[in-house]
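**Q** Using the numbering used here, the letters of the sequence shown correspond one by one to residues 205 to 332.
Right, I'll just put the structure down here and ask away after.
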Amino acid sequence: MTSLVATLDDAVRAVVVRRLRRLDQWSVIKLVLGLLGAARAYRRLRQIMRTTGLRRWAFTTAMPLLKQLPPVRKELEEGQAKVRADLEGVLFRDLTAPRLELPAKGTPQAELLQLMEKRHELDRKYWE
205 MTSLVATLDD
215 AVRAVVVRRL
225 RRLDQWSVIK
235 LVLGLLGAAR
245 AYRRLRQIMR
255 TTGLRRWAFT
265 TAMPLLKQLP
275 PVRKELEEGQ
285 AKVRADLEGV
295 LFRDLTAPRL
305 ELPAKGTPQA
315 ELLQLMEKRH
325 ELDRKYWE
């Protein structure tokens, strides 16, 4: 078995040395770097195939780039605006005494309790 391995090793070495002697030093460096790059790409591809799959990896890699295209971005913004308008209509339908900032003076306790009871009734009306 070892003699077969040694024979194959000698044969492969002879072919590789004969090919590399025809090339200059720069060409040998480019060849080695190209082979290393190909080996890294092959290893990464095998990892992708083992974990997420090539189609899913390509989709998740390309999607952020596609979202940056002006027609796609415009379509997404229009869709988001439409959904936001629909949800605001449903969620804020019965909003009582909306406040965008804190009042300058405190609210009396009776008024606050009345507002809380009203909101509690509205919540129970839709969610129970």
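The beta-carbon is built from N, C-alpha and C at its ideal position, and this holds for glycine as well.
1. Leaving out the 5 sequence neighbours to the left and right, which residues in its chain are closer than 7 Å to Ile-252 when beta-carbon positions are compared?
2. Over the uninterrupted alpha helix (DSSP H) stretch that includes Leu-306, give me the two end residues.
3. For the region 247 to 293, list the alpha helix (DSSP H) runs that are entirely contained and at least 4 residues long, ordered along the chain.
4. Whole beta strand (DSSP E) runs in the region 210 to 242 with 3 or more residues, listed along the chain?
5. What number of angstroms, rounded off, separates the C-alpha of Met-333 from the C-alpha of Pro-307?
6. Do you know offhand how far Ala-285's Cα is from Leu-291's?
7. Grab me the residues of Leu-224's own chain with a C-beta within less than 7 Å of its C-beta, minus the 5 sequence neighbours each way, in chain order.
8. Grab me the residues of Val-276's own chain with a C-beta within less than 6 Å of its C-beta, minus the 5 sequence neighbours each way, in chain order.
**A** So, from the data block:
1. Residue 252 sits at position 48 when you count from the first residue of the sequence shown. Around Ile-252: Leu-258, Trp-261.
2. Position 102 of the sequence shown, counted from the first residue, corresponds to residue 306. Here Leu-306 belongs to no alpha helix (DSSP H), and DSSP marks it neither H nor E.
3. 258 to 271
4. none
5. In the structure as shown, the chain begins at 205 and stops at 332. Residue 333 is therefore absent and cannot be evaluated.
6. Walking along the sequence shown from the start, residue 285 turns up at place 81. Walking along the sequence shown from the start, residue 291 turns up at place 87. Between Ala-285 and Leu-291, the C-alpha separation is close to 10 Å.
7. By 1-based counting over the sequence shown, the position of residue 224 is 20. So the list reads Val-232, once near-sequence residues are dropped.
8. Numbered from 1 along the sequence shown, position 72 holds the residue referred to as residue 276. Hits under 6 Å: Leu-270.
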